[in-house]
Amino acid sequence: MDYLIIFILLALVAEILGTVGGFGSSVFFIPIAALFLDFHSVLGITALFHVSSNLTKIAMFRKGFDKNLIIYLGIPAVIFVLIGAYFSKFIVSEGLEVGLAIFLVLTSLTFLFVKNISVTPSKRNSIIGGVLSGGIAGLIGTGGAIRGLTLTSFKLKPAIFIATSAIIDLGVDSGRGVVYWMNGYVHPHDLYLIPLLVLASIVGTYIGKKLLNKISESKFRTIVLILILITGIGTLVKVIAPF
Numbered sequence: 377m378d379y380l381i382i383f384i385l386l387a388l389v390a391e392i393l394g395t396v397g398g399f400g401s402s403v404f405f406i407p408i409a410a411l412f413l414d415f416h417s418v419l420g421i422t423a424l425f426h427v428s429s430n431l432t433k434i435a436m437f438r439k440g441f442d443k444n445l446i447i448y449l450g451i452p453a454v455i456f457v458l459i460g461a462y463f464s465k466f467i468v469s470e471g472l473e474v475g476l477a478i479f480l481v482l483t484s485l486t487f488l489f490v491k492n493i494s495v496t497p498s499k500r501n502s503i504i505g506g507v508l509s510g511g512i513a514g515l516i517g518t519g520g521a522i523r524g525l526t527l528t529s530f531k532l533k534p535a536i537f538i539a540t541s542a543i544i545d546l547g548v549d550s551g552r553g554v555v556y557w558m559n560g561y562v563h564p565h566d567l568y569l570i571p572l573l574v575l576a577s578i579v580g581t582y583i584g585k586k587l588l589n590k591i592s593e594s595k596f597r598t599i600v601l602i603l604i605l606i607t608g609i610g611t612l613v614k615v616i617a618p619f
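Numbering-wise, the sequence shown is residues 377 to 619 according to our numbering.
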């Protein structure tokens, strides 16, 4: 029971950070869940947890989203998450995680220290961001950090950033959730966690939104990049430490 309480409290913290960061809780929740569950169970539970998380964000930030980004970033993300989720049972994830970690660290540092850099929110750049974030999400369970970098580089307002990311993520998580279920990653003995995680997603999103009301756009962008940098470093340490 003590472990369950700790698990849910950490999930709540992951949801708050995911809301403030704007790119979802899975990037924080997956390493937390991995302390308690096997890798495939983590993928299955994360997909289900994130569906609830995204629905909550859409409800709370429903006044702001970018239709073009949902189409040009979201559709490729959903297509490639299905492909990545299917191949997740054949591919060893450690090498992908190292590559992703290095990419996140270098890119976030670049955006943090080169203040005037930005990426044009073009169809081409949106599609590339969608393909990468969706494919990585399917393979290793989380691609939100890449989508967060993409949306951060477009310099969106926080409400638009979060709502757009949540709508895209809802499609991504729904798609990979079905594939994970077919792959046997969603285990009946883990389903008791879902109601508790749904509650954590609602409370965490609410707290995150309240915190965002006190943060300026520039600080929001900096927070996102710092969280992505920490994610990259944490992922690198997690993969390399056992060796």
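Using N, Cα and C, we set each Cβ at its ideal position, and we do this for glycine too.
Starting from the C-beta of Leu-587, find all residues in its chain whose C-beta is less than 6 Å away, skip the five residues before and the five after it, and write them out in chain order.
Hits under 6 Å: Val-396.
Could you check the C-alpha separation between Ala-387 and Val-474 for me, to the nearest Å?
24 Å
Whole angstroms are fine: how far does the CA of Glu-391 sit from the CA of Thr-598?
Using only the alpha carbons, I get a separation of about 18 Å.
Express the C-alpha separation of Val-454 and Leu-424 in angstroms, rounding to a whole number.
CA-to-CA, the gap between Leu-424 and Val-454 works out to about 15 Å.
To the nearest whole angstrom, what separates the beta carbons of Arg-523 and Ser-541, a pair I think is in contact under 8 Å?
6 Å
What is the rounded straight-line gap between the Cα of Leu-476 and the Cα of Gly-510?
13 Å
Inspect the CB distances between the region 441 to 455 and the region 566 to 581 and report whether three or more fall short of 8 Å.
no
If you count every other CB in all the chains shown that lies within 10 Å of the CB of Leu-605, and 16 or more means buried, which is it?
buried
Chain-order list of residues whose beta-carbon lies under 8 Å from that of Leu-480 (same chain, five-residue window excluded):
Closer than 8 Å at the Cβ level, and outside the excluded window around Leu-480, lie Ala-521, Ile-522, Leu-525, Ile-604, Leu-605, Thr-607, Gly-608 and Thr-611.
Going along the chain, which residues of its own chain have a beta-carbon closer than 7 Å to the beta-carbon of Phe-441, five neighbours each way excluded?
Ile-536, Ala-539, Thr-540 and Ile-543
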